[in-house]
Each structure stands twice: as structure tokens, then as C-alpha cells.
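**Student:** Sequences listed follow chains A and B, in order.
Taken in order, the first sequence gives residues 796 to 992; the numbers are from this note's numbering.
Taken in order, the second sequence gives residues 796 to 992; the numbers are from this note's numbering.
Quick reminder that beta carbons are idealized off the backbone N, C-alpha and C, glycines included.
All values derive from a computational prediction rather than experimental measurement.
Below are the C-alpha cells for one structure; questions will follow.
There are 2 protein chains.
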Amino acid sequence: MPKTLEFYFDFGSPAAYLAHTQLPQIAAETQATVVYQPMLLGGVFQATGNRPPIAVPSKAAYVFTDFARFAKRHRVPLVLNPHFPIVTTTLMRIAIGLKDRQDPLFPAYMDAVYRAIWVEGHNLNDPAVVAEVLQRAGFDAAALLALGQDPAVKESLKAATDAAVARGVFGAPTTFVGGEMFWGQDRLDFVREALLA
Amino acid sequence: MPKTLEFYFDFGSPAAYLAHTQLPQIAAETQATVVYQPMLLGGVFQATGNRPPIAVPSKAAYVFTDFARFAKRHRVPLVLNPHFPIVTTTLMRIAIGLKDRQDPLFPAYMDAVYRAIWVEGHNLNDPAVVAEVLQRAGFDAAALLALGQDPAVKESLKAATDAAVARGVFGAPTTFVGGEMFWGQDRLDFVREALLA
Chain A
796 MPKTLEFYFD FGSPAAYLAH TQLPQIAAET QATVVYQPML LGGVFQATGN RPPIAVPSKA
856 AYVFTDFARF AKRHRVPLVL NPHFPIVTTT LMRIAIGLKD RQDPLFPAYM DAVYRAIWVE
916 GHNLNDPAVV AEVLQRAGFD AAALLALGQD PAVKESLKAA TDAAVARGVF GAPTTFVGGE
976 MFWGQDRLDF VREALLA
Chain B
796 MPKTLEFYFD FGSPAAYLAH TQLPQIAAET QATVVYQPML LGGVFQATGN RPPIAVPSKA
856 AYVFTDFARF AKRHRVPLVL NPHFPIVTTT LMRIAIGLKD RQDPLFPAYM DAVYRAIWVE
916 GHNLNDPAVV AEVLQRAGFD AAALLALGQD PAVKESLKAA TDAAVARGVF GAPTTFVGGE
976 MFWGQDRLDF VREALLA
């Protein structure tokens with residue numbers, strides 16, 4: 796019976812981006828259904844006491860080298876966004892707003908935002924740049940930004956983040972296959988095995 | 796030309812143990828020379844501001860599941876030591892003491908300590924247990940414990956830890972191939988590639 800891969804993510808995480816690029820192939824190989832679970836990584840860190848790698852200077856110096864190795868191996872583009880870290884609250888609200896209303900634009904929106912941050916290196920901390928990026932990708936930027944301001948959408952992202960934490964999530968990306976949890980872009984081979992088991 | 800793999804470790808890290816089990820095969824495959832670099836992980840954490848995974852409760856709940864997956868894949872034994880964390884200061888001092896005097900017992904000592912902690916689950920926080928474990932493994936426990944009390948050996952471990960931090964080490968295990976740094980048991984495939992490049 797085909798299984799489900801639940802993928803908890805935040806656009807601000809380069810590891811989530813790298814994993815995101817691999818999901819279509821994994822889904823194709825395993826016939827799994829991918830369920831994208833937007834969450835706010837900053838909220839996860841706050842709730843769990845975890846910190847981003849960049850909180851430790853020597854770790855910060857290393858992790859992008861490490862991400863670049865993964866990108867090279869899997870032949871996916873990756874730039875070290877010069878505006879990192881990106882505050883993704885609005886971007887993640889729009890994501891969960893699209894997901895909640897089962898909007899068919901949800902996948903294309905995710906791809907566009909990841910690309911803007913981790914391939915093109917845009918400064919999505921600047922709302923004007925966000926609007927421009929969305930518009931250029933073919934979206935109605937004003938409508939998406941309005942969606943991100945909807946109180947129900949804001950509440951949904953908060954609830955989703957709390958639910959992720961309650962499930963044991965402490966970082967991004969986090970993947971679940973049934974009750975099994977996998978943290979990191981570097982555990983997708985274990986995810987593949989779990990889906991085929 | 797054969798390359799050198801420098802392996803920075805502390806017995807207290809299950810990730811270092813797991814990587815340790817893989818080094819003979821990697822060395823054989825790549826004709827690399829392995830240089831074991833004892834360091835005190837607690838000192839590395841203190842100097843870098845890094846923290847062990849168990850500092851975050853939900854991460855602590857996850858990491859042993861993750862280590863168990865690695866152990867299963869590579870068919871190596873691993874137990875969650877019930878006395879974890881083990882304070883390894885004396886054990887690491889003995890390690891660097893043996894290394895510094897080019898004692899041929901150094902490899903067997905490393906294997907014996909890793910096994911006592913991560914296969915047999917002994918409480919090496921208890922000096923009496925340390926002595927018993929070393930004696931049973933065929934060592935002169937009293938002589939090794941005396942070596943661990945040698946002021947020059949204590950200083951050597953401190954200097955080695957400082958040097959590791961100066962080189963960019965923030966966790967264990969950390970492997971260098973030339974100027975390239977790799978953190979974790981889960982980067983040994985990249986290490987292998989670097990050795991064969």
C-alpha cells in the first residue's frame with residue numbers, strides 16, 4: 796500500500812530547500828504521497844530551546860560548505876543567500892493559507908519562493924522584493940500578501956507549528972513516515988527505505 | 796598519492812563511535828592513513844558555544860533513534876549507554892598519552908573504551924569500572940590510569956582541544972582530508988570521495 800511522506804518545512808532553511816528538490820523523485824520511486832506541512836522554524840526553535848546552526852560561529856562557517864556538497868552531489872543549484880537569515884513569517888503564512896484552501900497554486904508557490912531565496916539569492920526580507928518575485932513568477936502578489944494577513948491563516952500557521960512541536964519536531968526539514976521521524980536533508984535515504992519497507 | 800584522514804574524536808560521542816567503526820574499511824578502500832586526534836568534546840563545546848544534542852529534549856529523544864538507524868545499516872552493535880553522558884576526561888587523557896608516546900597499545904585502547912561504552916554499556920563514570928574494564932581487556936589498568944594523571948598528558952589534551960577548536964572543530968566526530976572538514980558519522984561518504992579525489 797502506498798505510504799505518505801509528511802514534510803515539515805520552512806522556506807528559510809537551506810536544508811529544507813535541498814530536501815524539497817529531492818521529494819518528487821522519492822515520491823516517484825516509492826509511489827508515496829507527499830504532504831507538505833508548513834511551519835514556522837523560528838517558533839519551533841523558541842518552543843523547543845533548539846537554535847539554528849548559525850548560532851555557533853564555527854558551525855555557521857561549516858554548514859554552507861556542507862550544504863554545497865549536498866547540492867553538488869544531487870546536481871541542484873544553491874546559493875548562499877547574502878540576506879540570510881530570511882524572516883519567513885509572511886511567506887509561511889501564505890503557504891499554509893494556500894494549503895488550507897487546497898489551492899492548486901500551492902506547489903508552484905513553494906517552488907517560486909525556494910527558488911527566489913536559494914537559487915536567485917533575493918532579499919525576501921524586503922516586502923517589495925517579495926511582491927516583485929511573486930508577480931514575476933505569475934502570481935497575483937497582492938492577493939497572496941492579503942492571504943498572508945488573514946487572521947485565520949495566521950492562526951493556522953501558529954497551530955501547525957505547535958502541532959509540529961508536539962509531534963517531536965525540533966528543526967527543519969523534518970519528515971515523517973507513519974510514526975517514524977527523520978530530521979534533515981541528509982536522512983532522505985532512510986526516508987526512502989521506510990517508504991519501501 | 797595516498798592521503799591522510801585526520802579523525803577528531805571523544806569516546807563520549809556515540810557518533811564518534813559509529814564513525815570509528817567505519818574507518819578501517821574506508822582506509823582500506825582509499826589506501827588512506829588514519830591519524831586519530833583525541834580531544835575533549837566538553838572543552839570544544841565550551842570554547843565554541845556549541846551544545847550537545849541532548850541539551851534540547853526533543854532532539855535528545857530523536858538522536859538515539861537516528862544513531863540506531865546508522866548502526867543497523869552498517870551492521871555494527873550500539874547500545875544506548877544508561878549512564879550517558881560519560882565524563883571522558885581521564886579516558887581521553889590516557890588516549891592522547893598513548894598517542895603522544897606512540898604506544899602500540901593506542902588502537903587497542905580506543906577499541907576497548909568504545910566497546911565498553913557503546914557496546915557493553917558500562918558505567919565509565921565510575922573509576923572502579925574503568926579500571927576493571929581496562930584490566931579485563933588485557934591492559935595494565937593502574938599504569939594507564941597513572942598515565943592519565945601525568946601533568947604533561949593533561950596539558951597535551953588541553954592543547955589538542957584548543958588546536959581542534961582553532962581549526963574549526965565544533966563537534967564530534969570531525970574529519971579532515973587536507974583542508975576539507977567534515978562533521979559527523981553521516982559524512983563519511985563525502986570523506987571517502989575526498990580521499991579518492
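Considering only residues of the same chain and omitting the five flanking positions on each side of F977(B), which have a CB-CB separation below 6 Å?
**Tutor:** T970, F985 and V986
**Student:** Taking Cβ-Cβ distances below 7 Å as the criterion, which residues of the region 970–992 of chain A are in contact with chain B?
**Tutor:** Taking 7 Å as the Cβ-Cβ cut-off against chain B, the residues of the region 970–992 of chain A that qualify are M976, W978, D981 and F985.
**Student:** Apply the 10 Å Cβ neighbour rule to G844(A) and answer buried if 16 or more other Cβ atoms are within range, or exposed otherwise.
**Tutor:** exposed
**Student:** So, does the region 927–942 of chain B touch the region 830–843 of chain B, judging by three or more C-beta pairs under 8 Å?
**Tutor:** no
**Student:** If the cut-off is 7 Å on Cβ atoms, which residues from the region 842–854 of chain B count as contacting chain A, listed in chain order?
**Tutor:** Of all residues in the region 842–854 of chain B, only T843, G844, N845, V851, S853 and K854 come within less than 7 Å of chain A when Cβ atoms are compared, listed by chain position.
**Student:** Taking 8 Å as the threshold (C-beta atoms), are T825(A) and L1021(A) in contact?
**Tutor:** With chain A covering only 796 through 992, there is no way to say anything about residue 1021(A).
**Student:** What is the residue span of the beta strand (DSSP E) that E801(A) lies within?
**Tutor:** T799 to F804
**Student:** So, are the CB atoms of G807(A) and P880(A) less than 8 Å apart?
**Tutor:** yes
**Student:** Have a look at Y857(B), L886(B) and R864(B) and flag the residue whose alpha-carbon is nearest the alpha-carbon of L940(B).
**Tutor:** Check the Cα spacing between L940(B) and each of Y857(B), L886(B) and R864(B): the tightest is with L886(B).
**Student:** Does P899(A) pass the burial test, meaning 16 or more other C-beta atoms within 10 Å, or should it be called exposed?
**Tutor:** exposed
**Student:** Check whether chain A comes within 8 Å of R870(B), counting only Cβ atoms and requiring the distance to be less than that.
**Tutor:** no
**Student:** When the cut-off is 8 Å and only beta carbons count, does G963(A) lie next to chain B?
**Tutor:** yes
**Student:** Y857(B) touches chain A at which residues, Cβ-Cβ below 8 Å?
**Tutor:** G963, F965, M976 and W978
**Student:** Between which two residues does the alpha helix (DSSP H) carrying E988(B) extend?
**Tutor:** L983 to L991
**Student:** Applying the criterion that 16 or more other CB atoms from any shown protein chain within 10 Å of the CB defines a buried residue, is T799(A) buried or exposed?
**Tutor:** By the neighbour-count criterion, in which 16 or more other beta carbons inside 10 Å mark a residue as buried, T799(A) falls on the exposed side.
**Student:** With a threshold of 16 other CB atoms inside 10 Å of the CB of Q832(A), please say whether the residue is buried or exposed.
**Tutor:** buried
**Student:** Using CA atoms only, rank isn't needed, just tell me which of R846(A), V914(A), G892(A) and G943(A) is closest to P922(A).
**Tutor:** G943(A)
**Student:** Taking Cβ-Cβ distances shorter than 7 Å, what residues in chain A pair up with R864(B)?
**Tutor:** Chain A residues near R864(B): F985.
**Student:** Over the uninterrupted alpha helix (DSSP H) stretch that includes V830(A), give me the two end residues.
**Tutor:** Not the alpha helix (DSSP H): V830(A) falls in the beta strand (DSSP E), residues T828 to P833.
**Student:** Hey, how far is the Cα of E915(B) from the Cα of T883(B)?
**Tutor:** C-alpha of E915(B) to C-alpha of T883(B): approximately 16 Å in a straight line.
**Student:** Any idea if Q930(B) is buried or exposed, counting beta-carbon neighbours within 10 angstroms, 16 or more meaning buried?
**Tutor:** exposed
**Student:** Helix, strand or coil for M976(A), going by three-state DSSP, please let me know.
**Tutor:** strand
**Student:** Under 7 Å Cβ to Cβ from A863(B), same chain only, skipping five residues before and after it: list those, please.
**Tutor:** Only residues of its own chain outside the window of five on either side were considered, and among them L873 have a CB closer than 7 Å to the CB of A863(B), listed in chain order.
**Student:** Report yes if the C-beta distance between A811(B) and A926(B) is below 8 Å; otherwise report no.
**Tutor:** No, the Cβ-Cβ distance between A811(B) and A926(B) is not below 8 Å.
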